[in-house]
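*Asks:*
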Amino acid sequence: MTEIIKTEAFVIKVRKYGESSKIVSLYSEKFGKINAIAKGARKPKSKFANCLDIFSLVSLVIYKKTTTHLHLISDCDLIKSYYKISENLDKYEIALKIFELIYITLHEEEENKKLFDLLKRTMQNLDKINENVNNLYFHFLIKFGENFGYAYNFERCAKCNTNIIGAGNDGKKIVFDFSRGGPLCSKCETVVMQPQIINLGILKILNKFESVNDGLELTNIRLNSDEINEIEKFLFGYLRYHISGLRELKSQKILKKLK
């Protein structure tokens with residue numbers, strides 16, 4: 002049985018299929034992650050030309066089958082192409098990592114309008130700016146985790162609620178408990194089995210990132226390379242702790258070699 006559906010979606014992965022077609026992985030507004038075939042999409046005069054490239058936001062008509070998770074794209078209109086992101090290596094890296102994270106962690110056909118809107122807003126912001134672009138990625142990682150119930154608390158002790166970020170210099174070492182999603186004060190830090198160590202200064206930055214809904218508000222914060230590396234390692238480590246089977250992103254490994 003087949004249902005005709007229409008939805009907005011981001012193209013998150015594209016693979017060749019047969020001599021002239023594509024299998025496209027999409028993150029859609031109404032159905033979450035879905036996979037579909039675009040027949041003849043690689044032909045020069047295809048109706049899908051310039052529509053199903055990675056990062057593109059599209060409006061699709063899909064024949065959605067009930068007997069399989071591989072559906073059929075009937076029609077496609079391009080809403081927004083983010084091809085210019087590929088011209089900036091830092092922005093390209095961020096977009097690849099975000100799309101790979103969505104592809105490998107989300108189950109098929111689970112609608113999540115809040116996550117779709119977060120992705121849409123992040124891509125719009127990434128397209129607008131050229132400086133401090135890593136802040137958009139960190140904001141996305143925080144909100145991505147929160148969306149699935151893995152909320153952060155960067156301000157107070159996760160056990161006794163003592164204020165953490167209001168005391169000490171930025172170089173002070175803080176114990177962070179991934180299982181509780183928050184830091185621990187000096188009195189409570191002995192209760193954690195696998196402590197994560199983070200500088201107080203980084204904790205303050207992350208508290209700012211968590212407090213806003215739109216990552217564009219964070220693009221005036223300038224981070225050095227050590228801070229960028231520490232924050233990324235920390236945030237991705239937190240997701241790996243909570244999401245079973247989450248591995249290091251392939252796109253990150255590849256892009257490290259290009260830099």
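Each step along the sequence shown adds one to the number in the numbering used here, with nothing skipped, and position 196 is 197.
Using N, Cα and C, we set each Cβ at its ideal position, and we do this for glycine too.
Anyone know if the C-beta pair for F49 and A39 falls short of 8 angstroms?
*Replies:* On the sequence shown, residue 49 is found 48 positions in, with the first residue counted as 1. On the sequence shown, residue 39 is found 38 positions in, with the first residue counted as 1. In contact: F49 and A39 (Cβ atoms closer than 8 angstroms).
*Asks:* So within the region 96-157, which uninterrupted alpha helix (DSSP H) runs reach at least 4 residues, ignoring any that extend past its ends?
*Replies:* The region 96-157 contains these whole alpha helix (DSSP H) runs: 114-129 and 135-148.
*Asks:* Rounded C-beta distance between T8 and L61? I'm assuming under 8 angstroms.
*Replies:* Against the sequence shown, residue 8 aligns to sequence position 7. Against the sequence shown, residue 61 aligns to sequence position 60. T8 to L61, Cβ: 6 angstroms. Contact.
*Asks:* With a Cβ-Cβ cutoff of 8 angstroms, do I63 and A42 count as a contact?
*Replies:* Within the sequence shown, the letter at position 62 stands for residue 63. Within the sequence shown, the letter at position 41 stands for residue 42. No. Outside cutoff.
*Asks:* Can you tell me whether DSSP reads D76 as helix, strand or coil?
*Replies:* By 1-based counting over the sequence shown, the position of residue 76 is 75. Looking at D76 - three-state DSSP - the assignment turns out to be strand.
*Asks:* May I ask you to list the residues that DSSP assigns as paired with V193?
*Replies:* Here residue 193 refers to the residue found at position 192 when the sequence shown is read from its first residue. For V193, which the question treats as bridged, DSSP gives no partner whatsoever.
*Asks:* What are the residues that DSSP puts in a beta bridge with D227?
*Replies:* Stepping through the sequence shown from its first residue, residue 227 is reached at position 226. Bridge partners of D227: none, in fact.
*Asks:* I need the DSSP call for L58, collapsed to helix, strand or coil.
*Replies:* Start at 1 with the first residue of the sequence shown, and residue 58 comes out as number 57. In the structure shown, L58 sits in a strand (DSSP, three-state: E or B).
*Asks:* Can you tell me which of N162, S212 and F117 puts its alpha carbon nearest to the alpha carbon of K188?
*Replies:* Within the sequence shown, residue 188 is the residue found at index 187, counting from 1. Considering only alpha carbons, the answer is N162.
*Asks:* Grouping DSSP H, G and I as helix and E and B as strand, with all else coil, what is F179?
*Replies:* For the purposes of this step, residue 179 is taken as residue 178 along the sequence shown, with counting starting at 1. Note: F179 maps to coil in three-state DSSP.
*Asks:* Terminal residues of the continuous alpha helix (DSSP H) containing S212?
*Replies:* Sequence index remark: in the sequence shown, residue 212 carries index 211 (1-based). Per DSSP, S212 belongs to the alpha helix (DSSP H) from L201 to S212.
*Asks:* Where does K46 sit, in a helix, a strand or coil, going by DSSP?
*Replies:* Counting from 1 along the sequence shown, the entry for residue 46 is found at position 45. It is coil, neither helix nor strand.
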